[in-house]
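Visitor: Quick one: this structure, given as structure tokens, is what I'll be asking you about.
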Amino acid sequence: MICHPVNFRSLSKKKQEKLLPIMPERFLEICPAAASQRRWEKFWKRLHTFEWKKHKDFKALHHFNFGSHVPMHDTKTSLRGFRCHLCLSPVDSRQFLYHLYTECRCSKVLWDKLNIQAPMNLNSMLAPLNTTYENLRNLNWYVDTVRQVYSSRRREATGGTVLQPLLNRHLKKALERSKMRTS
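Sequential numbering from 25 applies to the sequence shown in the working numbering.
So this is what it looks like as structure tokens:
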């Protein structure tokens with residue numbers, strides 16, 4: 025046996041490297057343009073590299089690309105009278121994720137405040153082609169802020185409070201709070 029670092033690599037790691045990359049099924053149904061296996065392999069590799077080298081945690085973006093870091097999932101059947109808690113517009117609950125990350129006015133305000141160059145759509149968020157550190161950090165910040173603000177508004181609504189439209193200054197404050205938490 026030759027004393028070489030390759031011989032000491034974990035067998036489970038070798039097995040894991042042969043597996044297909046993790047790709048969220050529901051998001052890929054909504055956005056089939058992001059279904060390229062090569063794209064996902066490149067994204068996961070870059071994300072892990074930045075997490076390791078920069079010692080930064082991209083937890084929100086990481087879980088979002090698993091398909092789990094969202095304020096609410098689409099429903100199987102349509103709910104009558106369902107509204108987005110951010111923009112207060114009526115939404116088909118079966119298409120909620122598409123609305124929140126593509127059409128929602130409040131999500132768009134947050135996206136613009138972060139100066140993300142790509143257009144606001146799921147194709148820009150799922151395994152993004154722009155894998156620079158700055159872009160991944162801003163996407164992590166965006167995903168975390170949208171989830172926090174939406175969850176907060178949903179708690180207010182279930183507490184009996186009538187929701188008022190969100191002002192841009194409220195969104196800016198939420199972005200600043202999220203920045204402190206993710207920095």
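Just so you know, even glycine gets a beta-carbon here, dropped at the ideal spot from N, CA and C. On a predicted model such as this, the values are computed, not experimentally measured, just so you know.
Going by the beta-carbon positions, is the gap between R171 and L187 smaller than 8 Å?
Guide: The answer is no: Cβ separation not under 8 Å.
Visitor: Classify P95 as helix, strand or coil using the three-state DSSP reduction.
Guide: coil
Visitor: Which word fits M25, buried or exposed, when buried means at least 16 other C-beta atoms lie within 10 angstroms of its C-beta?
Guide: Note that M25 scores 46 on pLDDT, short of 50, meaning its location in the model is unreliable and no value can be drawn from it.
Visitor: To which residues of the same chain is H123 closer than 7 Å at the C-beta, ignoring the five residues directly before and after it?
Guide: C108, V115
Visitor: Let me check understanding here. Comparing Cα to Cα, which of F51, A57, K69 lies closest to L44?
Guide: K69
Visitor: Distance check for L153 and L71, CA to CA, integer angstroms please.
Guide: 12 Å
Visitor: Per DSSP, what kind of secondary structure is R107 in: helix, strand or coil?
Guide: In this structure, R107 counts as strand in the three-state DSSP scheme.
Visitor: Confirm, please, whether the CB-CB distance from P189 to L112 is below 8 Å.
Guide: yes
Visitor: In the DSSP output, what is P114 paired with across the bridge?
Guide: R107
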